[in-house]
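Worksheet: the structure to be examined is printed underneath.
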Amino acid sequence: MYAYVKAGQVVQIVNARAWNDPATGVQHPASIFSLWSKADLANIGLYPVVQSSPPDSQFNTVGSASYSFDADNNQVVETISSNEKNLNDVNEVDDNGDAVLDSDGNQLVTKGLKTIWIENTKATAKSLLSPTDWYVVRNAEDNTQAIPSEVTTHRTSVRTASNTIETAITDASDMTAFKALFVVPTDSDGNPTGKAPIHNFPDSYGE
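According to the numbering used here, the sequence shown is numbered sequentially starting from 3.
Here you go:
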């Protein structure tokens, strides 16, 4: 990716394709970006763009990109704006500070990451318990049909894991602590030694 710079200002982003030079009106083919030297391109105002890695959208609301000319290094630097998402729920208010209500007249609440991930955790636990629910139903309807001990052990492990994960989410004091829940533990060689805390459920029954 290149950018057209004039008087130290980024005027246009050029995606290495045929380009019309605003200064001369000359139509340049896309091949100039592979055949010309950086110095030759700079002579007509074209500089390489150092692209920024976008922020993790899981934890950030990603905004637009902006570009600035770095004259010292003869390049254009891309910056992507972002804001951290809220960890906690937000009661929405209007410009006057009054509560924004939904169609039923209730306070409109935007869920924070903690609420979203607690809901995800509960959903995961439900999906892991679902395949063995029939053992519980059968036992409730006919108590002579015992629930196998391995099923009971598995179901207890799922519930315990869910409670542990939910507590860890609730206890995360800031974004740094929350992000740590997504980090997979590794050994000294960088090999995974387990699951990230937020995904630390037992495997599905029978696996």
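Where a beta carbon is used, it is the ideal one built from N, C-alpha and C, also for glycine.
Open item on the list: Residues in the same chain with beta-carbon distance under 6 Å from Asp72, minus the five sequence neighbours each way, listed in chain order, please.
Closed with: Correct list, in chain order: Val79.
- [ ] Tell me whether the beta-carbon of Asn88 lies closer than 8 Å to the beta-carbon of Ala44.
- [x] Result no, Cβ atoms of Asn88 and Ala44 do not sit closer than 8 Å.
Open item on the list: For a test of the three-state rule: what should DSSP assign to Thr155, helix, strand or coil?
Closed with: Correct three-state label for Thr155: helix.
TODO: Identify which residue in His156, Val12, Ile149, Ala127 has its Cα closest to the Cα of Ile200.
DONE: Considering only His156, Val12, Ile149, Ala127, the residue with the shortest C-alpha distance to Ile200 is Ala127.
TODO: Could you have a look at Glu80 and say whether DSSP puts it in helix, strand or coil?
DONE: In the structure shown, Glu80 sits in a strand (DSSP, three-state: E or B).
TODO: Kindly identify the DSSP beta-bridge partner or partners of His30.
DONE: Paired residue(s): Trp21.
TODO: Count the CB pairs spanning the region 24 to 32 and the region 54 to 66 that are closer than 8 Å, and state whether there are at least three.
DONE: The answer is no - the region 54 to 66 does not touch the region 24 to 32, with fewer than three Cβ pairs under 8 Å.
TODO: Go ahead and pull the three-state DSSP assignment for Thr195.
DONE: Coil.
TODO: Look up Ala67 in the DSSP assignment and say whether it is helix, strand or coil.
DONE: In the three-state reduction of the DSSP assignment, Ala67 falls in the strand class, which pools E and B.
Task: At least three beta-carbon pairs within less than 8 Å, the region 92 to 106 to the region 121 to 138 - done: No contact exists between the region 92 to 106 and the region 121 to 138.
Open item on the list: I need the DSSP call for Ile15, collapsed to helix, strand or coil.
Closed with: Shown here, Ile15 sits in a strand according to DSSP, grouped into three states.
Open item on the list: Using the Cβ count rule (16 or more neighbours within 10 Å means buried), how would you classify Ala5?
Closed with: With 16 or more Cβ atoms within 10 Å of its Cβ, Ala5 is classed as buried.
Task: Identified DSSP bridge partners for Leu48 - done: Beta-bridge analysis with DSSP links Leu48 to Tyr6.
Open item on the list: Closest to Ser129 by C-alpha separation, out of Ser39, Ser206, Ser36, would be which residue?
Closed with: Ranking the options by Cα distance to Ser129, first place goes to Ser206.
- [ ] Select from Leu131, Asp100, Tyr69, Asn17 the residue whose C-alpha is nearest the C-alpha of Thr158.
- [x] Per the Cα distances, Leu131.
TODO: Tell me whether the beta-carbon of Pro187 lies closer than 8 Å to the beta-carbon of Thr178.
DONE: Their beta carbons are not under 8 Å apart, which means Pro187 does not touch Thr178 by this criterion.
- [ ] Label Trp136 either buried or exposed according to how many other C-beta atoms from any shown protein chain fall within 10 Å of its C-beta, with 16 as the threshold for buried.
- [x] Classification of Trp136: exposed, given that the 10 Å Cβ count is below 16.
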